[in-house]
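Engineer:
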């Protein structure tokens with residue numbers, strides 16, 4: 001299959017050769033490939049009749065994930081570009097995102113205000129189920145992006161990342177440290193389809209002829225649904241993994257024993273959580289390293305994921321990582337440096353931002369501002385963001401090493417390290433922890449625990465929080481965390 005072929009091609013093929021095979025798994029229904037193909041065709045016809053053309057950008061605002069999935073595939077079929085507008089965002093935020101890209105069209109499962117866009121379509125189940133004899137256009141070799149995805153946007157305006165059909169295929173076809181998906185697989189992802197990662201998981205499943213589950217399930221419901229529907233592959237986040245474990249009755253083991261693989265992504269999976277997930281959920285646990293710009297780059301699985309602290313795995317076939325110093329020169333094995341990465345799914349740059357593109361894309365390589373090192377066996381040990389690194393008295397201190405040390409404490413459920421301002425040292429590391437219910441650990445005892453393991457790299461203060469604030473994807477909300485630490489610091493003097 002040519003690399004630039006429309007990513008919906010395989011869906012059309014499976015709908016023709018295996019129309020009765022399950023494509024979407026819902027809570028109380030199964031959508032076969034034939035029905036999904038027909039619904040995508042009906043939606044594409046409606047979009048085309050409304051005026052959507054190849055190369056147009058179409059914003060999608062949906063609450064219903066099945067309607068979103070069908071419309072997403074229909075837009076791609078027509079050779080147009082998908083721009084997701086999170087259903088949780090405000091109308092003003094939607095308008096700002098549409099204005100940034102010049103989107104001509106918007107499709108939604110909610111009423112759209114007049115003038116929202118030149119082309120609008122309100123999508124309903126009735127629209128998708130209507131019998132149609134005609135075939136919607138299928139653009140086999142689309143020009144322009146397939147999707148526009150948002151970067152983290154942790155500071156300032158989120159960067160928009162355009163990905164072509166060829167780049168999506170590069171991510172789908174990447175040979176990882178795990179087996180390829182099969183038509184017999186049943187794949188679930190716990191995050192909403194608004195997130196690009198979940199969209200990619202769906203495209204991967206449909207590419208292989210596998211079934212993709214959309215339940216909108218809570219963490220406590222997930223193990224039961226996985227068992228009921230025979231899920232073989234589960235994609236989750238650190239947050240969802242922790243919530244699943246906490247929801248289980250005490251002493252539960254291997255609640256997800258039927259899985260062939262559980263992939264945990266989006267933020268760092270501590271060694272402690274790896275061990276607890278193995279015991280409570282499944283031993284078939286995998287983590288990956290990657291970025292929105294590049295897609296996944298590494299894969300780590302058993303047994304190394306459990307016995308090699310901090311590993312995110314070996315580099316996947318077809319991807320490349322260089323680790324360099326501040327001058328761009330390669331560093332020796334075992335030395336922490338800045339990552340340079342490239343992959344078949346690497347984007348070409350940022351939408352409408354030549355300056356930002358020039359800073360991090362050069363000669364086919366992308367600089368994600370991440371730190372890591374290779375060990376002698378070729379495993380990448382991840383050390384976090386370069387802008388999170390602290391320098392105190394000439395010593396480089398990495399949040400990841402502090403977090404790994406404190407995660408080993410038997411009473412620590414979650415941990416986050418970050419820099420704090422200091423009149424003498426300018427920056428000092430501090431650590432916030434969330435303790436298990438009933439724990440008697442104190443900030444002083446936790447400080448001593450960290451000092452014994454970290455020496456000069458220890459945090460200067462330890463704060464106990466009811467909960468570490470994180471996004472649904474498991475990323476620490478650093479502004480909110482810093483505010484909580486400042487509040488505690490103002491109320492009492494922390495331990496030395």
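Numbering (full-length UniProt numbering), first residue to last: 1 to 496. Yeah, the Cβ is synthetic: ideal placement off N, Cα and C, and Gly gets one too.
In terms of alpha-carbon separation, which member of 355, 172, 219, 234 lies closest to residue 319?
Structural biologist: 172
Engineer: Pick helix, strand or coil for residue 414, following the three-state DSSP scheme.
Structural biologist: strand
Engineer: How long is the line joining the alpha carbons of residue 120 and residue 97, rounded to whole angstroms?
Structural biologist: 16 Å
Engineer: Secondary structure at residue 490, three-state DSSP: helix, strand or coil?
Structural biologist: helix
Engineer: Counting only the same chain and skipping the five closest in sequence on each side, list residues whose C-beta sits under 6 Å from that of residue 296.
Structural biologist: 288, 290
Engineer: Which first and last residues belong to the beta strand (DSSP E) in which residue 370 is found?
Structural biologist: 370–374
Engineer: Quick one: give me the first and last residue of the alpha helix (DSSP H) that residue 245 is part of.
Structural biologist: Counting along the chain, the alpha helix (DSSP H) containing residue 245 begins and ends at 238–247.
Engineer: With residue 262 and residue 225 assumed to form a contact (beta carbons below 8 Å), what rounded beta-carbon distance in angstroms separates them?
Structural biologist: With 8 Å as the limit, residue 262 and residue 225 do not qualify as a contact, their Cβ atoms being about 14 Å apart.
Engineer: Which of the three DSSP states, helix, strand or coil, is assigned to residue 34?
Structural biologist: In the structure shown, residue 34 sits in a helix (DSSP, three-state: H, G or I).
Engineer: Measuring CA to CA, which of 79, 80, 86 is closest to residue 68?
Structural biologist: 86
Engineer: Output the distance between the C-alpha atoms of residue 381 and residue 372, rounded to the nearest integer angstrom.
Structural biologist: 5 Å
Engineer: Classify residue 484 as helix, strand or coil using the three-state DSSP reduction.
Structural biologist: helix
Engineer: Helix, strand or coil for residue 116? Go by DSSP, reduced to three states.
Structural biologist: coil
Engineer: Hey, would you say residue 337 sits closer than 7 Å to residue 323, going by beta carbons?
Structural biologist: yes
Engineer: Is residue 347 helix, strand or coil by DSSP?
Structural biologist: coil
Engineer: Determine the contact status of residue 44 and residue 72, defining contact as a CB-CB distance below 7 Å.
Structural biologist: Taking 7 Å as the cut-off, the beta carbon of residue 44 is found no closer than this to the beta carbon of residue 72.
Engineer: Does any residue of chain B have a CB that is nearer than 7 Å to the CB of residue 111?
Structural biologist: Note that chain B does not occur in the displayed structure, where there is just one protein chain.
Engineer: So, do the stretch 44–56 and the stretch 13–29 have three or more beta carbon pairs nearer to each other than 8 Å?
Structural biologist: no
Engineer: Need the endpoints of the alpha helix (DSSP H) that residue 389 sits in, please.
Structural biologist: Careful: residue 389 lies outside any alpha helix (DSSP H) and carries neither H nor E.
Engineer: Secondary structure at residue 443, three-state DSSP: helix, strand or coil?
Structural biologist: helix
Engineer: Please classify residue 382: does DSSP put it in a helix, a strand, or coil?
Structural biologist: strand
Engineer: Less than 7 Å separating the beta-carbons of residue 164 and residue 316?
Structural biologist: no
Engineer: Let me know if residue 8 comes out buried or exposed under the rule of 16 or more other beta-carbons within 10 Å of its beta-carbon.
Structural biologist: buried
Engineer: Among 181, 212, 174, which has the Cα closest to the Cα of residue 191?
Structural biologist: For residue 191, the closest of 181, 212, 174 by C-alpha to C-alpha distance is 212.
Engineer: Thinking residue 196 and residue 149 are a contact (beta carbons under 8 Å), I'd like their distance in whole angstroms, please.
Structural biologist: 4 Å
Engineer: If you follow the beta strand (DSSP E) that residue 211 is in, where does it begin and where does it stop?
Structural biologist: 211–213
Engineer: I'd like the span of the alpha helix (DSSP H) that includes residue 396, first residue to last.
Structural biologist: Run containing residue 396: none in the alpha helix (DSSP H); it sits in the beta strand (DSSP E), 395–397.
Engineer: Quick one: grab the DSSP three-state call for residue 190.
Structural biologist: Note: residue 190 maps to coil in three-state DSSP.
Engineer: Does the distance from the CB of residue 75 to the CB of residue 39 come in under 7 Å?
Structural biologist: no
Engineer: Measuring only the C-alpha atoms, how far is residue 309 from residue 131?
Structural biologist: 56 Å
Engineer: What distance in whole Å lies between the Cβ atoms of residue 161 and residue 431, which are believed to be in contact at a cut-off of 8 Å?
Structural biologist: Not quite, the Cβ-Cβ distance comes to about 32 Å (not below 8 Å), so this is no contact.
Engineer: Do residue 412 and residue 420 count as a contact pair if the criterion is CB distance below 7 Å?
Structural biologist: No, the pair does not count as a contact, with Cβ atoms beyond the cut-off.
Engineer: Where do the ends of the alpha helix (DSSP H) carrying residue 197 lie?
Structural biologist: Counted as a single uninterrupted DSSP element, the alpha helix (DSSP H) harbouring residue 197 occupies residues 196–208.
Engineer: Hey, out of 19, 81, 166, 178, whose CA is closest to residue 344's CA?
Structural biologist: Out of 19, 81, 166, 178, 166 has the C-alpha closest to the C-alpha of residue 344.
Engineer: Pick helix, strand or coil for residue 48, following the three-state DSSP scheme.
Structural biologist: Residue 48 falls in the helix class under three-state DSSP.
Engineer: When DSSP labels each residue in this structure, what does residue 428 get in the three-state scheme?
Structural biologist: strand
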